[in-house]
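Trainee:
Residue numbers (the working numbering), protein chains in the order written: chain C, 279 to 857; chain W, 19 to 90.
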């Protein structure tokens, strides 16, 4: 029974079985198991060895048949080691004596052998080191592979424990059965946090070394509001948390009942509440929670969830699906915003030294027009199926914006030549997330139909903070006066030029900032579905007069602390239970 | 490898001792131990077996080594 404290980034309480994601590195973190579990680990080891034997024997036979006996004999050493009783005994001994997992024991023992061989003064023998590593990898893949299989083909509810969660991993998760996350690293705005909130499941990050404290199969409690994870809880803790979970669910149900009510202040001012999604399926929850449409469709997951770049048809099919679910409500599609995350860096020929400021997002698209056009064609074709709007991310210069619009125009010409229908007057907007665009919002506003302020990245660039770096994540704060000034100015520039302005960053869904944003005359809020009820509640409980007063006060403050403290106080006055 | 395969055919325990500068011993049935023994050409070896078929084991294994594993 272990209590670990981290950063709670998505509220709720879940009690479930743990599935632990190991990185596919060769270095397996030391993971302890309770002594009673040693026999189970030995069983896993035996199963893996048996399988490895079968696989290798089959491989050897095939190679011998196809190429010859001498070549087939290469595998004899591998088979010999896998059948070597003294080796197997060593690994078993490691498991039982030190209470570790089968993969850790395998790794430890094989490396010990590898080291011994390296010391020998014989070339033939030290060459065998490669073989030893090979055998280690083969066994580890079988042992860990068991778990990777499990993650995609879950048949029961689990919580996922990992060092960190990559976009590619969350894209491939079974959303029905994953009920919570806990990671070693991360902060409030890391990827894990964003996905957990979007899925409406509890998550705690920044736990330090949760992956070495939990083994697959452990019972785990994740309390996302308090930022606590309990491994193998005792009966008392179980009961306490089940109760907390019940209360939380009740509160959620109540909030959901208000979903059909309009997002209107008490003095009759109406705003739009939209949702952010990654997959068309998310739309169902978005509507359930009271969203009036989709303010941000992050299309990256089309690229992340598969090995190849999505074809035009795959794009089209996703957009058509989304529009069908929306039944006429608006859908804002953001073009590919990928590049500066581990997924594409790992695959890059020449990894960039500073990917966040590098060839990503719209820049990448403008460097690869055929790829860009594939997505744009699909968007334009889908424009006849519903209220589609297209938005370009990370625009930093007017030239870039104009180039992107030109490519879009080209696509329209091509489609016209091909006799394919589309909406020529599709609204075209841009994300305002780079400080240069925010500072020149007045000029940009003349060339688009709408703005969407991407506060997550805007804050990162303005404060020069990497929101996923726990060491500095504390500096990342929407309440920073400089950020607020930019937001205010962008909204103003939009109004002056008669275009609509929304905020689709996390700030829009954070109840702490609702009063302020209302008071700054923001009319469109787009957020993760689970955040909708609370934001709507605040809007319905206040007046524009009050919100404007709050905003005026806030804009006079000098520090984030002042801002947040004041906002907390003011919000509590109208909704006491919100914090 | 051949040595180990042959050794594994017998039920007796087989131990191989290496003389020379760095004396060592190994379980004749373990591939890993045998290669770590690092007995390269010319190293004097003592083969010892214990069990029901001990004599056959030693005979067979000695023959194997003397035939130079059929490699010449």
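Using N, Cα and C, we set each Cβ at its ideal position, and we do this for glycine too.
Closest by CA to residue 829/C, which one among 757/C, 609/C, 783/C and 771/C?
Mentor: To locate residue 829/C, count along the first chain from 1; it is residue 551. Per the Cα distances, 757/C.
Trainee: Would you say the stretch 464 to 479 of chain C touches the stretch 435 to 444 of chain C, given that touching needs at least three Cβ pairs under 8 Å?
Mentor: They touch, by the three-pair rule.
Trainee: Going along the chain, which residues of the stretch 39 to 50 of chain W sit with their C-beta nearer than 8 Å to a C-beta in chain C?
Mentor: From the stretch 39 to 50 of chain W, only 45, 47, 48, 49 and 50 have a Cβ closer than 8 Å to chain C.
Trainee: Between the alpha carbons of residue 817/C and residue 769/C, how many angstroms are there, rounded?
Mentor: As a position in the first chain, residue 817/C is number 539, starting the count at 1. As a position in the first chain, residue 769/C is number 491, starting the count at 1. Their Cα atoms are separated by approximately 18 Å.
Trainee: Measuring only the C-alpha atoms, how far is residue 655/C from residue 603/C?
Mentor: As a first step, residue 655/C is located in the first chain; it is residue number 377 there, counting from the start. As a first step, residue 603/C is located in the first chain; it is residue number 325 there, counting from the start. Roughly 21 Å between the two C-alpha positions.
Trainee: Let me confirm a value: residue 279/C is counted as buried when at least 16 other C-beta atoms fall within 10 Å, else exposed. Which label applies?
Mentor: The residue you call residue 279/C lines up with position 1 of the first chain. The residue in question, residue 279/C, is exposed, as its Cβ has fewer than 16 Cβ neighbours within 10 Å.
Trainee: Beta carbon of residue 560/C, beta carbon of residue 807/C: below 8 Å?
Mentor: Counted from its first residue, the first chain places residue 560/C at position 282. Counted from its first residue, the first chain places residue 807/C at position 529. Taking 8 Å as the Cβ cut-off, residue 560/C and residue 807/C qualify as a contacting pair.
Trainee: Residue 635/C by DSSP, collapsed to three states: which one?
Mentor: As a working mapping, residue 635/C is identified with position 357 in the first chain. Residue state, collapsed to three classes: helix.
Trainee: Closest by CA to residue 403/C, which one among 78/W, 72/W, 51/W and 64/W?
Mentor: For the purposes of this step, residue 403/C is identified with residue 125 of the first chain, where counting begins at 1. Residue 403/C has its Cα closest to that of 51/W, out of 78/W, 72/W, 51/W and 64/W.
Trainee: Given that residue 359/C touches chain W, what residues does it touch there, using C-beta distances under 7 Å?
Mentor: Residue 359/C sits at position 81 when you count from the first residue of the first chain. Going along chain W in sequence order, the residues near residue 359/C (Cβ under 7 Å) are 49 and 50.
Trainee: My output table needs one value for residue 305/C: the three-state DSSP class, helix, strand or coil.
Mentor: Within the first chain, numbered from 1, the residue matching residue 305/C stands at position 27. Low confidence applies here, because residue 305/C scores a pLDDT of 42, under 50, leaving its location unreliable; read the following figure in that light. Three-state DSSP puts residue 305/C in coil, outside helix and strand.
Trainee: Nearest-angstrom Cα distance between residue 416/C and residue 702/C?
Mentor: By 1-based counting over the first chain, the position of residue 416/C is 138. By 1-based counting over the first chain, the position of residue 702/C is 424. The straight-line gap from Cα to Cα measures roughly 56 Å.
Trainee: What does DSSP give as the partner residues of residue 295/C in its beta bridges?
Mentor: Within the first chain, numbered from 1, the residue matching residue 295/C stands at position 17. In DSSP, residue 295/C forms a bridge with 436/C and 497/C.
Trainee: Name the chain C residues whose beta carbon is nearer than 7 Å to that of residue 65/W?
Mentor: Within the second chain, numbered from 1, the residue matching residue 65/W stands at position 47. None at all; the shortest Cβ gap to chain C is about 17 Å.
Trainee: Nearest-angstrom Cα distance between residue 507/C and residue 498/C?
Mentor: Translated into the one-based positions of the first chain, residue 507/C becomes position 229. Translated into the one-based positions of the first chain, residue 498/C becomes position 220. Going from the Cα of residue 507/C to the Cα of residue 498/C covers about 7 Å.
Trainee: Helix, strand or coil for residue 673/C per DSSP?
Mentor: The residue given as residue 673/C occupies position 395 in the first chain. Of the three classes helix, strand and coil, the one that applies to residue 673/C here is coil, per DSSP.
Trainee: Leaving out five residues before and five after residue 611/C in sequence, what residues of the same chain have Cβ atoms less than 6 Å from its Cβ?
Mentor: Residue numbering aside, residue 611/C sits at position 333 when the first chain is read from its first letter. Excluding positions up to five away in sequence, the list reads 575, 657 and 668.
Trainee: Spatial neighbours of residue 486/C within its chain, please: CB distance less than 8 Å, with the 5 preceding and 5 following residues excluded, ordered by chain position.
Mentor: Within the first chain, numbered from 1, the residue matching residue 486/C stands at position 208. Hits under 8 Å: 282, 284 and 462.
Trainee: Just mark residue 814/C as buried or exposed, buried being the case when its beta carbon has 16 or more other beta carbons within 10 Å.
Mentor: As a position in the first chain, residue 814/C is number 536, starting the count at 1. Label assigned to residue 814/C: buried.
Trainee: What does the alpha-carbon distance come out to for the pair residue 590/C and residue 699/C?
Mentor: As a first step, residue 590/C is located in the first chain; it is residue number 312 there, counting from the start. As a first step, residue 699/C is located in the first chain; it is residue number 421 there, counting from the start. Taking the straight line joining both Cα atoms gives about 15 Å.
Trainee: Specify, as a first and last residue, the run of the beta strand (DSSP E) that residue 286/C falls within.
Mentor: Position 8 of the first chain, counted from the first residue, corresponds to residue 286/C. That run of the beta strand (DSSP E) goes 285 to 288.
Trainee: Quick one, which of 629/C, 451/C, 730/C and 321/C has its alpha-carbon nearest residue 803/C's?
Mentor: The residue given as residue 803/C occupies position 525 in the first chain. Cα-wise, what sits closest to residue 803/C is 730/C.
Trainee: Between the Cα of residue 684/C and the Cα atoms of 643/C, 331/C and 456/C, which residue gives the shortest distance?
Mentor: Looking up residue 684/C in the first chain gives position 406. Closest option to residue 684/C, Cα to Cα, is 643/C.
Trainee: If you count every other CB in all the chains shown that lies within 10 Å of the CB of residue 742/C, and 16 or more means buried, which is it?
Mentor: For the purposes of this step, residue 742/C is taken as residue 464 along the first chain, with counting starting at 1. Label assigned to residue 742/C: exposed.
Trainee: Is the closest heavy atom of the ligand SAH to the C-beta of residue 600/C under 7 Å?
Mentor: With respect to small molecules bound, the structure shown includes none, and the ligand SAH cannot be examined in it.
Trainee: Could you check what DSSP says for residue 463/C in three-state terms: helix, strand or coil?
Mentor: Within the first chain, residue 463/C is the residue found at index 185, counting from 1. In this structure, residue 463/C counts as coil in the three-state DSSP scheme.
Trainee: Using a Cβ-Cβ distance under 8 Å, would residue 76/W count as near chain C?
Mentor: Counted from its first residue, the second chain places residue 76/W at position 58. No, residue 76/W lies away from the interface with chain C (no Cβ there is under 8 Å from its Cβ).
Trainee: Counting only the same chain and skipping the five closest in sequence on each side, list residues whose C-beta sits under 7 Å from that of residue 596/C.
Mentor: The sequence position of residue 596/C within the first chain is 318, counting from 1. Contacts found: 558 and 580.
Trainee: Could you round the C-beta distance between residue 46/W and residue 83/W to whole angstroms and report it? I think they count as a contact, below 8 Å.
Mentor: Reading the second chain from its first residue, position 28 is the one you call residue 46/W. Reading the second chain from its first residue, position 65 is the one you call residue 83/W. So it is not a contact: roughly 11 Å between Cβ atoms.
Trainee: Run through the stretch 590 to 623 of chain C for me and flag every whole beta strand (DSSP E) of 3 or more residues, listed as ranges in chain order.
Mentor: Taking only runs of at least 3 residues, the beta strand (DSSP E) segments lying wholly in the stretch 590 to 623 of chain C are 609 to 612.
Trainee: Once you ignore the five residues that flank residue 649/C on each side, which residues in its own chain have a CB closer than 6 Å to its CB?
Mentor: The sequence position of residue 649/C within the first chain is 371, counting from 1. There are no such residues.
Trainee: Does residue 302/C have its Cβ less than 8 Å from a Cβ in chain W?
Mentor: Residue mapping note: residue 302/C aligns to position 24 of the first chain, counting from 1. Note that residue 302/C has pLDDT 47, beneath the 50 cutoff, so the model's placement of it is unreliable and the number below is only indicative. So, not an interface residue.
Trainee: Reducing DSSP to helix, strand and coil, say where residue 548/C ends up.
Mentor: For the purposes of this step, residue 548/C is taken as the residue at position 270 of the first chain. Reduced to three states, the DSSP call for residue 548/C is strand.
Trainee: Give the C-beta separation of residue 736/C and residue 764/C to the nearest angstrom, bearing in mind that I take them to be a contact with Cβ-Cβ under 8 Å.
Mentor: In the first chain, counting from the first residue as 1, residue 736/C sits at position 458. In the first chain, counting from the first residue as 1, residue 764/C sits at position 486. The pair is a contact, with the Cβ atoms about 7 Å apart (cut-off 8 Å).
Trainee: Which chain C residues are close to residue 34/W, counting only those with a beta carbon under 9 Å from its beta carbon?
Mentor: Within the second chain, the letter at position 16 stands for residue 34/W. Per Cβ cutoff of 9 Å: no residues; residue 34/W is ~13 Å from chain C at best.
Trainee: Following the continuous beta strand (DSSP E) through residue 77/W, name the residue where it begins and the one where it ends.
Mentor: For this step, residue 77/W is matched to residue 59 along the second chain. Note, residue 77/W: premise wrong, no beta strand (DSSP E); alpha helix (DSSP H) at 72 to 84.
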